[in-house]
Amino acid sequence: MKSAISTWVQELQSQLVAWRRDFHMYPETGWAEFRTASLVARELSQLGYDIKLGREVLSEQSRQGVPDTEELDKAWERARKEGAPREFLEPMKGGFTGVVGILEGISPGPTVALRFDMDANRLNESTFKDHRPYREGFASRHPGATHACGHDGHVAIGLGAAHILARLVPNLSGRVLLVFQPAEEDVGGAKAMVAADVLTGCKYFLSGHLGFGNSSLGEIGCGQEKFLATTKLDAVFTGKPAHAGMNPDAGKNALLAAALAALSIHAIPRHQGGADRVNVGYLVAGSGRNVVPERAVLELEIRGETTEVNQDMEERVRAALLGAAQIQQVGCQIDVVGSAPTAQSSPALIGQVRQMAQDQPWFKEFVTEARFSGSEDVAYMMRAVQDQGGQAAYIVFGTPVGTGHHTSEFDFDEEVLGQAATIYSTLTAELMAKGKVL
Ligand SMILES: [Zn+2]
Numbered sequence: 017m018k019s020a021i022s023t024w025v026q027e028l029q030s031q032l033v034a035w036r037r038d039f040h041m042y043p044e045t046g047w048a049e050f051r052t053a054s055l056v057a058r059e060l061s062q063l064g065y066d067i068k069l070g071r072e073v074l075s076e077q078s079r080q081g082v083p084d085t086e087e088l089d090k091a092w093e094r095a096r097k098e099g100a101p102r103e104f105l106e107p108m109k110g111g112f113t114g115v116v117g118i119l120e121g122i123s124p125g126p127t128v129a130l131r132f133d134m135d136a137n138r139l140n141e142s143t144f145k146d147h148r149p150y151r152e153g154f155a156s157r158h159p160g161a162t163h164a165c166g167h168d169g170h171v172a173i174g175l176g177a178a179h180i181l182a183r184l185v186p187n188l189s190g191r192v193l194l195v196f197q198p199a200e201e202d203v204g205g206a207k208a209m210v211a212a213d214v215l216t217g218c219k220y221f222l223s224g225h226l227g228f229g230n231s232s233l234g235e236i237g238c239g240q241e242k243f244l245a246t247t248k249l250d251a252v253f254t255g256k257p258a259h260a261g262m263n264p265d266a267g268k269n270a271l272l273a274a275a276l277a278a279l280s281i282h283a284i285p286r287h288q289g290g291a292d293r294v295n296v297g298y299l300v301a302g303s304g305r306n307v308v309p310e311r312a313v314l315e316l317e318i319r320g321e322t323t324e325v326n327q328d329m330e331e332r333v334r335a336a337l338l339g340a341a342q343i344q345q346v347g348c349q350i351d352v353v354g355s356a357p358t359a360q361s362s363p364a365l366i367g368q369v370r371q372m373a374q375d376q377p378w379f380k381e382f383v384t385e386a387r388f389s390g391s392e393d394v395a396y397m398m399r400a401v402q403d404q405g406g407q408a409a410y411i412v413f414g415t416p417v418g419t420g421h422h423t424s425e426f427d428f429d430e431e432v433l434g435q436a437a438t439i440y441s442t443l444t445a446e447l448m449a450k451g452k453v454l
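Here it is as structure tokens:
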């Protein structure tokens with residue numbers, strides 16, 4: 017079986033690259049993955065998977081950070097023009113861009129879920145001549161969006177695993193769920209899929225990321241992930257405009273409140289209970305130089321080494337926002353636009369991942385302390401499966417990553433696509449092989 021999988025992966029390698037480059041050319045940001053998700057749905061359905069998508073796999077009220085209708089409709093229309101298959105595109109309208117492919121084995125057994133995120137970053141891709149996607153003609157065709165985190169690769173890996181698992185059906189006992197998740201970047205999508213009961217009854221859950229601190233091919237990380245718990249907040253300050261020369265005293269200054277809040281937030285002392293982060297990443301205010309500013313918008317994020325640290329920091333950030341509003345006598349509306357807890361891989365699965373990795377001819381090093389200091393809303397899914405008695409693992413697949421994640425010259429070594437597809441499909445087959453030794 018192992019040699020069959022490695023032969024199939026070799027046969028698939030050029031297809032994996034083609035998928036990755038296609039998704040790279042047409043990047044879509046959170047909740048607007050219309051083209052990506054509908055192409056995924058078509059591919060899975062052609063392979064014989066049952067498909068669930070749209071509102072069937074996303075709870076509307078649990079979605080976080082959804083763009084406004086106008087932006088979503090524009091993205092939907094663009095996807096239609098760029099070749100998204102209509103039958104799958106239709107039910108995704110309004111930002112319901114999740115897909116689950118279901119594959120039944122030949123006899124009863126455990127449910128194994130694999131999760132892949134699909135969204136791009138809000139960033140322009142580099143047009144520097146040495147940046148490979150640009151040089152080789154597959155750079156982003158969507159201004160303001162690019163795959164700078166490798167989720168284009170994740171989608172390709174997911175489709176590769178889908179192909180291999182479909183061929184393995186005669187050896188599978190149980191059910192495979194391939195979960196293609198929208199809106200990971202602002203940590204908004206996983207929660208909505210969990211709330212739609214996508215993972216109910218799931219016994220084993222696998223997900224992962226290419227790159228991050230694991231920067232060489234053949235390096236596999238799984239273990240102490242240390243995802244940072246996170247909360248993303250938007251704050252809107254509303255004051256009162258007035259003539260800045262004649263009667264400034266009649267105005268209520270929203271700009272000053274926001275500026276004060278930004279400084280206070282960054283001045284919050286470090287937490288005793290573990291690492292924390294705060295960042296005010298966006299602030300716009302006012303309407304003109306001679307008017308007391310009426311409105312200010314501030315976007316920020318909080319991270320913590322534990323869910324508790326994150327919660328404490330969130331409380332203090334809220335106090336800073338409301339305190340600043342009070343001093344300036346303006347209103348302050350705070351919205352949570354994304355959040356994720358921390359999570360840990362299950363020890364038994366970590367052992368299995370390690371063994372599987374060591375069996376691969378390309379294997380170089382196993383890293384238990386996966387060098388991952390970001391946040392990942394996959395934590396919602398891992399916790400959901402572990403809370404119902406199942407096991408979850410998060411795997412980091414090593415590859416060089418150009419100038420790094422979330423930068424305009426991010427890129428990765430496409431060899432990692434086949435390696436990740438191999439690990440996912442072999443591990444899934446093993447978990448579903450009913451005591452058979454593969
Ligand atoms: Zn990512």
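The numbering used here numbers the first residue of the sequence shown as 17 and each following residue consecutively. The beta carbon of each residue, even a glycine, is placed where N, CA and C say it ideally should be.
{"Item": "Since Q29 sits in a beta bridge, which residues does DSSP pair it with?", "Value": "Note: Q29 sits in no beta bridge, so no partner."}
{"Item": "Does at least one heavy atom of ligand 1 sit under 8 Å from the Cβ of E200?", "Value": "yes"}
{"Item": "Quick one: which unbroken beta strand (DSSP E) runs of 3-plus residues sit fully inside the segment 383-425? Chain order, please.", "Value": "407-413"}
{"Item": "Looking only at its own chain, which residues have a Cβ that is under 8 Å from the Cβ of V453, when we skip the five neighbours before and after it?", "Value": "Caution applies to V453, whose pLDDT of 41 falls short of 50 and renders its modelled position unreliable; the value that the coordinates give is listed next. Excluding sequence neighbours, V453 sits near nothing in its chain."}
{"Item": "In chain order, what are the residue ranges of uninterrupted alpha helix (DSSP H) at least 4 long that sit wholly in the segment 54-137?", "Value": "85-97, 102-105"}
{"Item": "Just the C-alpha distance for S78 and E317, rounded to the nearest angstrom, thanks.", "Value": "19 Å"}
{"Item": "Give the secondary structure of E317 by DSSP, where H, G and I count as helix, E and B as strand, and everything else as coil.", "Value": "strand"}
{"Item": "Beta-carbon within less than 7 Å of N326's beta-carbon, same chain only, minus the 5 sequence neighbours each way: which residues are those?", "Value": "A245, T246, T247, I318, R319, G320"}
{"Item": "Relative to the C-alpha of G111, which candidate in R102, A91, L130, I118 has its C-alpha closest?", "Value": "A91"}
{"Item": "Rounded to the nearest angstrom, how far is the Cβ of P416 from that of S232, given a contact under 8 Å?", "Value": "7 Å"}
{"Item": "Quick one: is G451 buried, meaning 16 or more other Cβ sit within 10 Å of its Cβ, or exposed?", "Value": "Bear in mind that a pLDDT of 45 at G451, under 50, signals an unreliable position, so the number given afterwards is only what the model happens to contain. Classification of G451: exposed, given that the 10 Å Cβ count is below 16."}
{"Item": "For H40, verify whether its CB is less than 8 Å away from any heavy atom of ligand 1.", "Value": "no"}
{"Item": "Using three-state DSSP, classify S223 as helix, strand or coil.", "Value": "strand"}
{"Item": "Just reading off the alpha helix (DSSP H) that Y298 is part of, what are its end residues?", "Value": "No alpha helix (DSSP H) holds Y298; the beta strand (DSSP E) holding it covers 292-301."}
{"Item": "Return the Cβ separation of I122 and I21 in integer angstroms, given the expectation that the two are a contact with Cβ distance under 8 Å.", "Value": "Wrong, their Cβ atoms sit about 18 Å apart, outside the cutoff."}
{"Item": "Among the candidates H163, L299, A206, whose CA atom is the shortest distance from the CA of L226?", "Value": "H163"}
{"Item": "Consult DSSP for T442 and reduce its assignment to one of helix, strand or coil.", "Value": "helix"}
{"Item": "Residues bridged to K268 by DSSP?", "Value": "K256"}
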